[in-house]
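Novice: Before I ask anything, let me first share the structure, which is written out below as structure tokens.
Numbering (the numbering used here), first residue to last: 59 to 178.
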């Protein structure tokens with residue numbers, strides 16, 4: 059069957075996700091507070107926060123949402139993180155709405171363009 063992928067269509071997911079900004083040679087340090095402790099990771103400027111986390115073996119998802127998500131397209135709202143320091147302003151309506159009501163930021167819609175500290 060052809061057509062638009064559904065939430066559970068895993069054939070459209072890639073390990074590096076989709077980014078709307080091209081990576082550069084510049085990197086930024088992202089401090090990540092996770093259940094297993096603190097991680098300092100280096101991320102290329104221009105990729106999404108979700109991409110940076112996944113490339114370093116960290117995930118904004120749990121066991122279920124790691125499988126059932128939109129693959130970083132900003133549609134499902136399942137990759138929320140709390141940005142404690144260095145948050146860039148939201149650029150998409152859903153991200154802005156979630157941030158405005160205190161539910162965190164969609165890591166797939168946050169472009170790495172500065173150092174930041176996040177809580178998974």
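Glycine included, each C-beta is placed from N, C-alpha and C at the ideal position.
Verify whether the separation of the beta carbon atoms of residue 118 and residue 161 is less than 8 Å.
Specialist: No, Cβ-Cβ distance for residue 118 and residue 161 is not below 8 Å.
Novice: Using the beta-carbon count (16 or more within 10 Å), is residue 164 buried or exposed?
Specialist: buried
Novice: Spatial neighbours of residue 144 within its chain, please: CB distance less than 7 Å, with the 5 preceding and 5 following residues excluded, ordered by chain position.
Specialist: 172, 173, 174 and 175
Novice: How is residue 178 classed by DSSP in three states: helix, strand or coil?
Specialist: coil
Novice: Find the nearest neighbour of residue 120 within the set 168, 97, 96 and 138, judged by alpha-carbon distance.
Specialist: 138
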